[in-house]
Every structure is written in structure tokens, then in C-alpha cells.
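A.B. asks:
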Amino acid sequence: MEARRTSEAVLQPADTNTGTDELKKVFKTRDLVVFGLVFMAPVSAQTLFGELSLISQGHAVLSYLVALVAMIFTAASYGKMASAFPAAGSTYSYTARAIHPAVGFIAGWTILLDYLMMPILLTKLSALFSLELFPNVPYWIMLLVFFVPITLFNYYGTKITARVNMAMTAAMLFSLVIFIIFAMSSLVRTDGFVSLFSITGIFNAHTFSMDALIAGASIAVLSYLGFDAVTTMAEDSRESGNIVGRAAVIALLFASLFYIMQVYFATLVAPDFKSFQSPDTAFFEIATAVGGSGLATICTVIIALTGIATGLAGQSSGSRILFGMGRDRVLPSIFAKLHPKHKSPYASIIILAVTGYLGALLLPLSFIFSIMVFGALIGFTCVNISVFLEFYIKRKERSGKYILLHLLFPALGVFVCLNILFGMDAIGITVGFSWMFIGIIVLLFRMISVKKSGAADPFKLDM
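Per the UniProt record's numbering, the sequence shown starts with residue 1, numbered consecutively.
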């Protein structure tokens, strides 16, 4: 029983008086919102537009709206848990405290797949885009051009990261605004001012089908993966847990606005989703049509830079999860090492940098794309369940609005996430569950090691 109490103490947030195992508190509310926007990447809708339009039969805007509804329930759950447990580790921390430390380990281990794959995917895409501009540069060197600055920015702490995030967000918004201006100008010249407000940008009765819309929404969800990254930075923030959770929701809503504006005007310019030469380059075909090669080049350069921005956010978030798990002793203590000056989890950052570079170098895009959603959906499901157990069951907050916040919203979040999860292709599900199985093996090995050493059990398991 004494060991049980000791292990519970281990899982409490770091002692704020010592500061020895605390991350440096730099992020303000604005920085947290920008961090979430950077991870979701406002221009990611450009890379998905062609495939999304084809799958949804021209209903890209509606697909994003359906995906937003699905994510908003989970965002509410993250906000609730952030207010109760403002600790680094996010999904891991919430699940460990609300359900069980061992379940928290598996949730944290699984969502690492998302934080690993998203930056790898976008950094790989950015390197490939850059090779179009610099074809004589070897691919492995182009990857280093992205991974080295990402790692250095994170190594030297969140103050530099916050500044880089702000600059990258400004660049992405510039690209977005320029495209919208050119698209609006083209529409007005062709069909007059009234064409800016056409229902065809949202709904087409001739091509609409519910199956196509749901399929499109499953693609649109990819853009939203990463909104939860805001909550992994809770210990880097000067703000309270309530503000951290609110920042995640604000980032989600702003990202939705940016996505919808882009795909709305892109759909108005090119309503025939079957006319693109290639779905992969559909948005750039539209950019060329409304703004010439100059606009297309701007979009290409910004997409390339997005790899740095998203890689920066992904590496930051992943390192905080590893830091939280290392500090709680469910992973080796090396993951909890902080830089004495910059207060960054430098060991976790370096480990993620090496694995990320090798992944981008060796893994094909199709493989990365097929598995990246799995970890996020498992993590989202665990957080939704955590809200129900922590607030509805343990704290008995069940009256009035709490029925919505603690029961209905989490239940809807679980329902939507599991539906998308089991709608994935066989490769994604197989690799995802294989990764989870490896995590279970690591968990069991760690439990056995703790038992043999006689140390307090951080998993609260009696073996």
C-alpha cells in the first residue's frame, strides 16, 4: 500500500519549488494558439485539395465542416483535461491520471506514432518540393536542410521556437491571403461580384452523396491532426490549464476558417473536380490559373517551409511526451534530462531528430500516410474516455451543462474516432496495432525491471 502511495506521488506534476525537472515557462496564450496552427499548417488544405475534392465529389468545404464537428468534441475533452492536469505529456498524462498509469503509457506510446509520422510526412514532402527548385541537391542533404534547423531551434528552447512559429505562421497566412485575393479577382473578372457567394462552392446536388461526404471527411481529418499538440506544451506555458485548453480550441477554429476559405474559393474557380491533370497538383493548377507561375511558385515555397514549421511543432510535442514519461519513470530517465540553461528536453529532442531523419529517408510516402492517423485516433479516444471517468464518475460532476461536457461530448468523440479508426485501410491498422503491441512489450519489460529493483512501481500494478 505504501508503494502504491509512493507511485501516485511520482505521477504528480513536478514540484514547482525546485525547478530542477520543470520546463522553462515561455509560451503565452498567443504562442500556444500559433503553435497549434503551425502543427495543423493552414496551407495543408492545399496539398489535400485535389484528393479531397475527388473523393468527396466536389464537396471539400462540407468535408472540412463534418471533420470540424468530429474534432470539436475531442477538443472539448482536451480542454477539460488540460484545466485539471496542466502537465507535459498531454495524452499520456491525462490518461495516466484519469484511467491508469499503464493505460497512460500505452496511450502516450501510441500517439507518439502521430507526432513522429506527421513531421516526417510533411518534412519529406517539403524536401521533395524543394528538389523541384534545386534538382541537383541529393535528397539526403535536402532532408538535413530541414532537420538540422528544426532540431537546433528546439534544442535552444521554446523562446526561439515561439519566434520561429510566429514567422512561419505569418508566411503561411501570407500565401493563403495572396491566393484568395487572386482567386476572388479571377472570379469577379469572369462572372462578376455575385460569383463570390455561390452555393456551388459548398454544395452540388448533382454529385452529392453521403458516402462520398463521409469519405471526404476522413481525409479532411488529416489536416486537424495536431491541434492537441497545444496541450503537450502546458509546462512551457505561463498560462493556467484552462487557458491552455482554450488555446487548443481557438487554434482548431482558426485552422478551420483558413482551410474552408481556401477550398471554397478553389472550388469556385475549378468546380469540375474531374478536370485536374493530377489530384496531387490540383491546387497548384488552380494557383497557376488565377495568378500565373509567380503565385504557383509562392505556394510551392511556402509548402516547403511548412515542413520546417510542422517538424518544429511535432518534435517539440513528441519530446514533451517522452519527457513526461521519462520523468514519471515509465521510460528510462534519459528522456527526462533537461538542458541546464535552456530547460529544453534535449535528449528526447535528439532521439526524435535521429529517428525522424531516418524515417523520412527510408519510409515511402504511402506507408507513412497509411499509419499516421492511427496513433492520433487512439490518443483522442483515450482522452475522451478520461474525461468521462475523471469528471463524470470520480468527481460526480453530472448536473446541467456537465452532462454535455462530461458525458455526451466524450461519448460522441469516442464514437467518431473509432468509426474513422476502423475505416482505415488494412496496412494502417496492422502497423498501428503492431506499434501498440511493441509498446505493451516495453511496458511489461519496464514493470519486471521495477519489480526486480525493488523501486516504487510507477504503474501502480501489483505483480
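Glycine included, C-beta positions come from ideal geometry on N, C-alpha and C.
With DSSP collapsed to three states, give me the class of L225.
C.D. replies: It is coil, neither helix nor strand.
A.B. asks: If you pair each beta-carbon of the stretch 37-56 with each one of the stretch 254-268, do three or more pairs fall below 8 Å?
C.D. replies: Result yes; three or more Cβ-Cβ pairs closer than 8 Å.
A.B. asks: Taking the runs of the alpha helix (DSSP H) that are 4 residues or longer, which of them lie wholly in the stretch 116-201?
C.D. replies: For the stretch 116-201, whole alpha helix (DSSP H) runs of length 4 or above, ordered along the chain, are 139-155, 158-191.
A.B. asks: In chain order, which alpha helix (DSSP H) runs of at least 4 residues are fully inside the stretch 80-106?
C.D. replies: Entirely contained in the stretch 80-106, the alpha helix (DSSP H) runs reaching 4 residues are, in chain order, 91-98.
A.B. asks: Hey, is the stretch 336-346 in contact with the stretch 54-69, meaning 3+ C-beta pairs nearer than 8 Å?
C.D. replies: Judged by Cβ distances under 8 Å, the stretch 336-346 makes no contact with the stretch 54-69, as fewer than three pairs qualify.
A.B. asks: Out of T288, L62, D328, state which residue places its alpha-carbon closest to the alpha-carbon of F179.
C.D. replies: When each option's Cα is compared against that of F179, the closest is T288.
A.B. asks: What is the rounded straight-line gap between the Cα of W435 and the Cα of V103?
C.D. replies: Rounded to whole angstroms, W435 to V103 spans 15 Å at the Cα level.
A.B. asks: Quick one, are the C-beta atoms of S77 and A217 less than 9 Å apart?
C.D. replies: No.
A.B. asks: Between the stretch 392-408 and the stretch 113-122, are three or more C-beta pairs nearer than 8 Å?
C.D. replies: No contact exists between the stretch 392-408 and the stretch 113-122.
A.B. asks: Is K396 helix, strand or coil when you go by DSSP?
C.D. replies: In the structure shown, K396 sits in coil (DSSP, three-state: anything other than H, G, I, E or B).
A.B. asks: Among residues of its own chain, excluding the 5 on either side of V137, which ones have a beta-carbon nearer than 7 Å to its beta-carbon?
C.D. replies: L131, listed in sequence order.
A.B. asks: On the three-state DSSP scale, how would you describe I448?
C.D. replies: I448: helix per DSSP, three-state reduction.
A.B. asks: Mark I385 as exposed unless 16 or more other C-beta atoms lie within 10 angstroms of its C-beta, in which case mark it buried.
C.D. replies: The residue is buried, with at least 16 neighbouring Cβ atoms inside 10 Å.
A.B. asks: When you compare each of T430, A98, G318, V383 to N154 by their alpha carbons, which one comes out closest?
C.D. replies: Cα-wise, what sits closest to N154 is G318.
A.B. asks: Does the Cβ-Cβ distance between residue 464 and C417 come in under 9 Å?
C.D. replies: For the chain, the structure presents residues 1 to 463; residue 464 sits outside this window and is missing.
A.B. asks: What is the DSSP secondary structure of residue 469, reduced to helix, strand or coil?
C.D. replies: Here the chain covers residues 1 to 463 and nothing more, so residue 469 does not appear.
A.B. asks: Does D272 come out as helix, strand or coil in the three-state DSSP assignment?
C.D. replies: Correct three-state label for D272: coil.
A.B. asks: Please list the terminal residues of the continuous alpha helix (DSSP H) segment that includes D280.
C.D. replies: Segment: none, D280 is in no alpha helix (DSSP H) and carries neither H nor E.
A.B. asks: Would DSSP call Q46 helix, strand or coil?
C.D. replies: Note: Q46 maps to helix in three-state DSSP.
A.B. asks: Among residues of its own chain, excluding the 5 on either side of A171, which ones have a beta-carbon nearer than 7 Å to its beta-carbon?
C.D. replies: Cβ within range, chain order: I302, L305.
A.B. asks: What would DSSP say about P410, mapped onto helix, strand or coil?
C.D. replies: P410 falls in the helix class under three-state DSSP.
A.B. asks: Report the three-state DSSP secondary structure of F254 (helix, strand or coil).
C.D. replies: Looking at F254 - three-state DSSP - the assignment turns out to be helix.
A.B. asks: Short check: CB of G36 to CB of F276, under 9 Å?
C.D. replies: The answer is no: Cβ separation not under 9 Å.
A.B. asks: Helix, strand or coil for G379, going by three-state DSSP, please let me know.
C.D. replies: G379 falls in the helix class under three-state DSSP.
A.B. asks: For the alpha helix (DSSP H) that contains A347, what are its first and last residues?
C.D. replies: A347 -> alpha helix (DSSP H) spans 346-362.
A.B. asks: Consult DSSP for N419 and reduce its assignment to one of helix, strand or coil.
C.D. replies: Note: N419 maps to helix in three-state DSSP.
A.B. asks: Starting from the C-beta of L361, find all residues in its chain whose C-beta is less than 7 Å away, skip the five residues before and the five after it, and write them out in chain order.
C.D. replies: Answer for L361: W140, L143, listed in chain order.
A.B. asks: Tell me whether V373 sits in a helix, a strand or coil according to DSSP, three-state version.
C.D. replies: Three-state DSSP puts V373 in a helix.
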